[in-house]
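**Q** Protein chains in written order, with my numbering: chain A, 377 to 672; chain B, 377 to 672; chain C, 377 to 672; chain D, 377 to 672.
Heads up, the beta-carbon is just placed ideally off N, CA and C, and yes, glycines get one too.
Fair warning: this is a prediction, and the values are worked out from it, not measured in the lab.
1) On a CA-only basis, which of C/407, C/599, C/486 is nearest residue 470 of chain C? Give me that one, please.
2) Excluding the 5 residues preceding and the 5 following residue 406 of chain D in the sequence, name in chain order all residues of the same chain whose CB lies nearer than 8 Å to its CB.
3) Could you check what DSSP says for residue 505 of chain B in three-state terms: helix, strand or coil?
4) At a CB distance below 7 Å, what residues from the segment 488-505 of chain D approach chain A? Give them in sequence order.
5) Grouping DSSP H, G and I as helix and E and B as strand, with all else coil, what is residue 378 of chain C?
6) What is the residue span of the beta strand (DSSP E) that residue 609 of chain D lies within?
7) Which one of B/661, B/489, B/670 has the shortest CA to CA distance from residue 517 of chain B?
8) Please confirm if the segment 644-664 of chain D is in contact with the segment 614-627 of chain D, defined as three or more CB-CB distances below 8 Å between the two stretches.
9) Could you check whether the Cβ of residue 635 of chain C sits closer than 8 Å to any Cβ belonging to chain D?
10) For residue 631 of chain C, which residues in chain D fall below 9 Å Cβ to Cβ?
11) When you measure from the CB of residue 615 of chain C to every non-hydrogen atom of the ligand NAD, does any distance come out below 7 Å?
12) Let's test the definition: count the other Cβ atoms within 10 Å of the Cβ of residue 486 of chain A and tell me whether it reaches 16, buried, or not, exposed.
13) Under 8 Å Cβ-Cβ, which residues of chain A neighbour residue 541 of chain D?
14) Does any residue of chain A bring its CB to less than 8 Å from the CB of residue 446 of chain B?
15) Checking 8 Å against the spacing of the C-beta atoms, do residue 557 of chain A and residue 494 of chain A come in under that value?
16) For a contact defined as C-beta to C-beta under 9 Å, what are the partners of residue 531 of chain C on chain B?
17) Residue 534 of chain B CB to nearest chain C CB: under 8 Å?
18) From residue 656 of chain C to residue 444 of chain A, what distance separates their C-alpha atoms?
19) Once you ignore the five residues that flank residue 416 of chain A on each side, which residues in its own chain have a CB closer than 6 Å to its CB?
20) Excluding the 5 residues flanking residue 455 of chain A on each side, which residues of the same chain have their C-beta closer than 8 Å to its C-beta?
21) Report the neighbours of residue 538 of chain B on chain C: residues whose CB is nearer than 9 Å to its CB, in chain order.
22) Return helix, strand or coil for residue 385 of chain A, following the three-state DSSP convention.
23) Run through the segment 428-499 of chain C for me and flag every whole beta strand (DSSP E) of 3 or more residues, listed as ranges in chain order.
24) Under the three-state reduction of DSSP, which class applies to residue 561 of chain B: helix, strand or coil?
25) On the three-pair Cβ rule with 8 Å, is the segment 432-440 of chain B touching the segment 539-553 of chain B?
26) Cα separation between residue 555 of chain B and residue 402 of chain B?
27) Look up residue 409 of chain A in the DSSP assignment and say whether it is helix, strand or coil.
28) Do residue 559 of chain A and residue 616 of chain A come within 8 Å of each other at the CB atom, strictly closer than that value?
29) Taking the alpha-carbon positions, what's the residue 481 of chain C to residue 602 of chain C distance?
30) Under 8 Å, do residue 520 of chain D and residue 504 of chain D count as touching if we go by C-beta distance?
31) Do you know whose CA, among D/526, D/387, D/501, lies nearest residue 478 of chain D's CA?
32) Are residue 639 of chain B and residue 553 of chain B close, meaning C-beta to C-beta below 8 Å?
33) Using the Cα positions of residue 418 of chain B and residue 604 of chain B, report the straight-line distance between them to the nearest angstrom.
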């Protein structure tokens, strides 16, 4: 049996609960709901091997932020989304020294719209490593930041993980932030949810199915992963709709995805929000207005 | 009840047959299957008002070509697809004088991948009107061709139909060829089928839902429409999977589409095939190799 | 003798003065210098046929704004440039009724960076004609605006002037604003100067050498042209440097242009400034912040 | 005094000869003219320190191919250019084992048209390293090839040389082919000349002025550089026209470049020619037609 696919710890927990029954207590997992800038935040902690096995995800923290109101572009939703995400990211970064080099890695395929979140966040990242080194008198107050859009294997012949690993060995960052598009099980989470985790990226997850994992084990430093569900696998959706466990083959062997009609503009908005939030978390002295000027 | 959505006459006929039962004869419609360059061709003729009513489409000819093997890029499938499409298009163009001006209009939104077929075909169209006028001694043997990518209303404030209508009044073509992305009901037809029809474009069809129709009535000249299904409406798919008639709301009011994962490259391939086929049908003296050189 | 090429009335006046001598008074022309938002503004009025002959440009007003400090992105230079340009444009629009439809036409070739100003300004134009018509209760306070990026003849077979003319006949605007890239004679004006004129566009001017003029005579309504010099013709520069009148052939028949190294980002900045200024002049009730939200 | 700038050994030799007088013999340098596929080929060998000093370039071979007739797209000029370049490149690759991994590195800034040759050649490179490793039974006959478009420091915070160096340490290629845009002194060589050299890339050369050199010393393996002059520095041109040695400041501190008007399409053509030539030299069993199919 092929599993119905989700990259969100939140949904893995829901699926477990559905199959175990509402009253059974999920072992080795703690979860709590909160709010940040008026937006719902759910934190799931996988505490031990039992929790890992139940949810099929490694031990660590998974924070999910819901960007309510983004689609309708209500009032200050952009600014609030950026601030909320920056605040949650700052918590995950709290053990990284303030002047420690951070590498932001954008994963995914720029040529496939729902997989382009990573490369587009790279475009919005304020890189400072070269400035801090070359003009310390002017840029000494900035944290050094490098960034890379790891192209996909079909255009480089090299796994994106290999490239990031080799760059890490060269420039020795204190932390890697990896950004990627995710698959969700639920249509209503599509392009409305951001997951942050301190466990890095598990092999084979994401829209583009990277082979190699990106985590403390493979890179030697803490890896924070930021992911957004941009697609629902059509077969997963079909299985859900039909109430069956096994995934049907809908497309004669072709991969079929469900996306919002305006996926191009939604991927653009989300990339900007995530990129700005990363910049604010890494350079706490800057404001959104200053970023607009520096990045335009 | 909202109708399950299809822009293909072929599928409208299947839907009618399903609901009427296999043995009932569809009135006012004739259909036959054939082959061109080894590819399956189905021709549906809607003959009268009874046929119009049964299929919900205007009287005329609907030719559907199936591009088998395109996904796997087998051998000469590109060349055969172009030749087959050019041959079918030539039949629909047989009453247009060989030196009569033709306007190729690419409909749809360039910024939304599955809706970008029209604008991309415009990029592949060999335009000659200005050359035939300015240098008749060199280009006199060419048919004059003009082309337009009618942008969407949200970026112009003008309906694409209004723009094409105004240009028709100015340059007086003998025929308009309108290219558009379509919605299909069936996943296996996605990006594998091309429909040609001499009835033009019906109001409200296509992925982008153009308001105004483009047909002999609105433009004053014959209009041939070329369409490719690039999306299945997710609600239509869901209704089919669940075996219900009424469309469910899957996305809390959002439009959700099902597309192949590699929609970007498939839209690219299909646009090239259609563009080249139009060029061959309009300039029968050219070969594919000569087009490669002229358009590169 | 081939003339050294300039599209700026300001430079035509300088050239006349140079060849006539400093003390000779230019007949039929009045000029004055001023300031707007701290930026230098020069207004040249060509008053009669004598002035037309002397400067080789039609009778009318030519306003030149110098965007000092844009290259260094100093402080509020973006906002001041937009406000200054909007104010000067409003003066030229003063006889157009506040609710009269305006058509913004972006001229030039999107595929050639220094010629892409027009198409890019079109992207920044807030179009409202369809909204005012469809939802008058919500958008009734807006002026109706339509916009078109008139593609070049090589991709349409139709002159951009013909297309704009045909659309004008269809939608009957009260005024056309035409935006185009210009050639300058002076390197220090490159990408730093904006010329506004109420005379429209003269045949054969601009970077892309449009054949047909766009003016009150050809379109039947007032035409305001906004132009930015983005190139200096290399042969004109060479003639200036060598102090000769006749243009040398530098490139064995090829057109060679001088542009700033960062022309891509400068064309981007200028297009945004011009687009926003047009929006503010046409919708005086909006602020720059509101435009950011509406156009993002 | 600032030197008039050229990255071509051919031009450095001309400049030396001009200043030394026609009859003086250039020491430590050998040059010969030949032909390949009907196109002129000049080979300059810098033999020793005396030659290095005279031409300001490191010891090694510099092959210059002139793509006559490319601008007019005469007959088979595309195919002949590809074949000639592939043949010259094969000679420089003759000591690399036929199954040895080669890394193709595209240098330059994708966002600045005349500097985009390197990234665009990367797009045309047939990468096979992952296929040879994953499916040796199918792809065993191919040489493993990896490719990278090293983004510029302003978008990554990392020097492109550092990134290539780190990847070389990871994947251990037998040879690196580095592609870059060059500056020329002569307008008639612009976009018509390709230089190949076995000396790699010297620090500070190229349109984008990379800081770090890419050569056997920095990368530990042979580095073949392929360069195309796409710009003439406007100040160098001015100095030449005015017959002076010192470079004038034309642009109030701005960098000004001279490029052909159709630089966008010329950079596209040249990138395809170089990319295809690299593919043919690295995979001698393939034809141009097979490459078209594999890369489309």
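**A** Looking at the coordinates:
1) Residue C/599 is the option with its Cα nearest to residue 470 of chain C.
2) So the list reads 420, 421, 423, once near-sequence residues are dropped.
3) Shown here, residue 505 of chain B sits in a helix according to DSSP, grouped into three states.
4) Only 503, 504, 505 from the segment 488-505 of chain D bring a Cβ to less than 7 Å from some Cβ of chain A.
5) Residue placement at residue 378 of chain C is poorly supported in this model, since its pLDDT is 38, which falls under 50; the coordinates still yield a value, given next. Note: residue 378 of chain C maps to coil in three-state DSSP.
6) 599-609 is the extent of the beta strand (DSSP E) around residue 609 of chain D.
7) Ranking B/661, B/489, B/670 by Cα distance to residue 517 of chain B puts B/661 first.
8) Not touching, per the Cβ criterion.
9) Yes, contact with chain D.
10) Per Cβ cutoff of 9 Å: 636, 637, 638.
11) What this structure holds is no ligand at all, so the ligand NAD is not there to describe.
12) So residue 486 of chain A counts as buried.
13) For the C-beta of residue 541 of chain D, the chain A residues within less than 8 Å are, from N- to C-terminus, 546.
14) For residue 446 of chain B, the nearest beta carbon of chain A is not closer than 8 Å to its own beta carbon.
15) In terms of Cβ geometry, residue 557 of chain A and residue 494 of chain A form a close pair [threshold 8 Å].
16) Under the 9 Å cutoff, chain B gives 498, 499, 501, 503, 523, 525.
17) At least one chain C Cβ lies under 8 Å of residue 534 of chain B.
18) Approximately 31 Å between the Cα atoms of the pair.
19) So the list reads 442, once near-sequence residues are dropped.
20) These residues qualify, in order along the chain: 664.
21) Within 9 Å Cβ-Cβ: 543, 546, 547.
22) Residue 385 of chain A sits in a helix when the DSSP states are folded into three classes.
23) For the segment 428-499 of chain C, the continuous beta strand (DSSP E) assignments of 3+ residues that do not extend past its boundaries occur at 436-442, 478-482, in sequence order.
24) Coil at residue 561 of chain B, not helix or strand.
25) Short answer: they don't touch.
26) Their backbone Cα atoms lie some 29 Å apart in a straight line.
27) Here residue 409 of chain A sits in strand by DSSP.
28) Taking the C-beta atoms as reference points, residue 559 of chain A is found no nearer than 8 Å to residue 616 of chain A.
29) Here the C-alpha atom of residue 481 of chain C lies approximately 10 Å from the C-alpha atom of residue 602 of chain C.
30) The beta carbons of residue 520 of chain D and residue 504 of chain D sit closer together than 8 Å.
31) Of the listed residues, the one whose Cα sits closest to residue 478 of chain D is D/501.
32) Taking the C-beta atoms as reference points, residue 553 of chain B is found no nearer than 8 Å to residue 639 of chain B.
33) Each residue's Cα considered, the two are about 15 Å apart.
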